[in-house]
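For the sequence shown, the residue numbers in the working numbering are 138 to 318.
No residue lacks a Cβ here, since even glycine has one placed at the ideal position from N, Cα and C.
These figures come from a predicted structure and were not determined experimentally.
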Amino acid sequence: MDGRQQVGVAYLGREHASLWSGTAASWVDLNPNGATTSEAWDVRGGQQVGRALVTGLGWHASVWSGSASSWLDLHAFLPAGFVESQARAIWSYGGFVYVGGSGVNSLTGRTEALLWKRPGPPPCGADFDDDSVVDFFDYDAFVVCFEGGQCPPGKTADFDGDGSADFFDYDAFVVAFEAGC
138 MDGRQQVGVA
148 YLGREHASLW
158 SGTAASWVDL
168 NPNGATTSEA
178 WDVRGGQQVG
188 RALVTGLGWH
198 ASVWSGSASS
208 WLDLHAFLPA
218 GFVESQARAI
228 WSYGGFVYVG
238 GSGVNSLTGR
248 TEALLWKRPG
258 PPPCGADFDD
268 DSVVDFFDYD
278 AFVVCFEGGQ
288 CPPGKTADFD
298 GDGSADFFDY
308 DAFVVAFEAG
318 C
């Protein structure tokens with residue numbers, strides 16, 4: 138879970154990758170078309186990772202953005218020889234999204250570690266601690282910085298970039314924070 142979303146598996150005759158936001162009523166079935174079963178193992182920044190058993194093709198590393206229709210088959214980006222794959226972790230750093238996992242390489246006869254990397258969404262100014270989640274930790278970090286305390290690396294209380302830290306910066310941060318980017 139990432140604080141706002143949880144992932145796992147729901148059994149509906151077969152396992153289905155699933156997403157929740159704190160209540161059973163918020164449940165989303167992530168199982169993509171063409172997959173007989175799927176599993177979700179990590180969530181960060183509104184994206185979920187796991188694997189889907191694609192009919193006739195085997196397990197494929199997967200990433201979703203909150204719905205079954207958003208499914209991206211990461212296995213399609215692997216070199217020839219990989220017969221199955223899975224994604225176990227997702228994180229953002231330095232403007233990129235990273236997905237870590239493993240795959241079975243039929244050419245080497247081994248299970249090998251895999252890392253997918255792609256440009257991430259533009260940074261969210263309200264994510265003041267750069268953990269890909271906008272929450273009370275960001276608000277607290279901004280207030281400490283704004284009041285003259287220590288700012289996180291690369292951050293400043295001059296939120297609107299006009300050269301001074303004043304109530305306009307506080308207001309701009311609150312607007313971005315409430316929007317959640």
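Endpoints, the beta strand (DSSP E) within which residue i is located
i	result
Asp264	From DSSP, Asp264 is part of no beta strand (DSSP E); its letter is neither H nor E.
Phe233	233-242
Phe296	Premise fails: Phe296 is in no beta strand (DSSP E) and is neither H nor E.
Ala205	Unbroken run through Ala205: none, as it is neither H nor E.
Cβ shell of residue i (< 8 Å), same chain only, five flanking positions each side left out
i	result
Leu244	Ala217, Gly218
Arg247	Val241
Thr174	Arg151, Glu152, His153, Asn168, Ala189, Leu190
Thr192	Gly171, Ala172, Thr173
Ser204	Val165, Leu167
Neighbourhood of residue i by C-beta, 7 Å cutoff - its chain only, sequence neighbours within 5 removed
i	result
Lys292	Phe265, Cys282
Phe279	Phe265, Phe310
Ser163	Trp157
Ala294	Cys282, Phe283, Cys288, Ala302, Asp306
Gly262	Phe296, Ala313
Tyr276	Phe314
Residue range of the unbroken alpha helix (DSSP H) whose run includes residue i
i	result
Asp179	Premise fails: Asp179 lies in the beta strand (DSSP E), 172-181, not in any alpha helix (DSSP H).
Val311	304-316
Phe214	Note, Phe214: premise wrong, no alpha helix (DSSP H); not H, not E.
Three-state class that DSSP yields for residue i in the structure shown
i	result
Asp166	strand
Leu194	coil
Val271	coil
Nonlocal neighbours in the same chain, by C-beta distance under 6 Å from residue i, ignoring five residues either side
i	result
Val234	Arg255, Gly257
Val144	Leu156, Ala177, Val180, Gln185
Strand pairing of residue i, partner residues [DSSP]
i	result
Glu152	Tyr148
Glu249	Gly240
Glu221	Val241
Arg188	Glu176, Ala198
Exposed unless 16 or more other CB atoms sit within 10 angstroms - verdict on residue i
i	result
Phe296	buried
Phe273	exposed
Gly149	Looking at the sequence shown, residue 149 is not Gly but Leu. Exposed is the call here.
Leu252	exposed
Ala226	exposed
Ser202	exposed
Ala316	exposed
Gly187	buried
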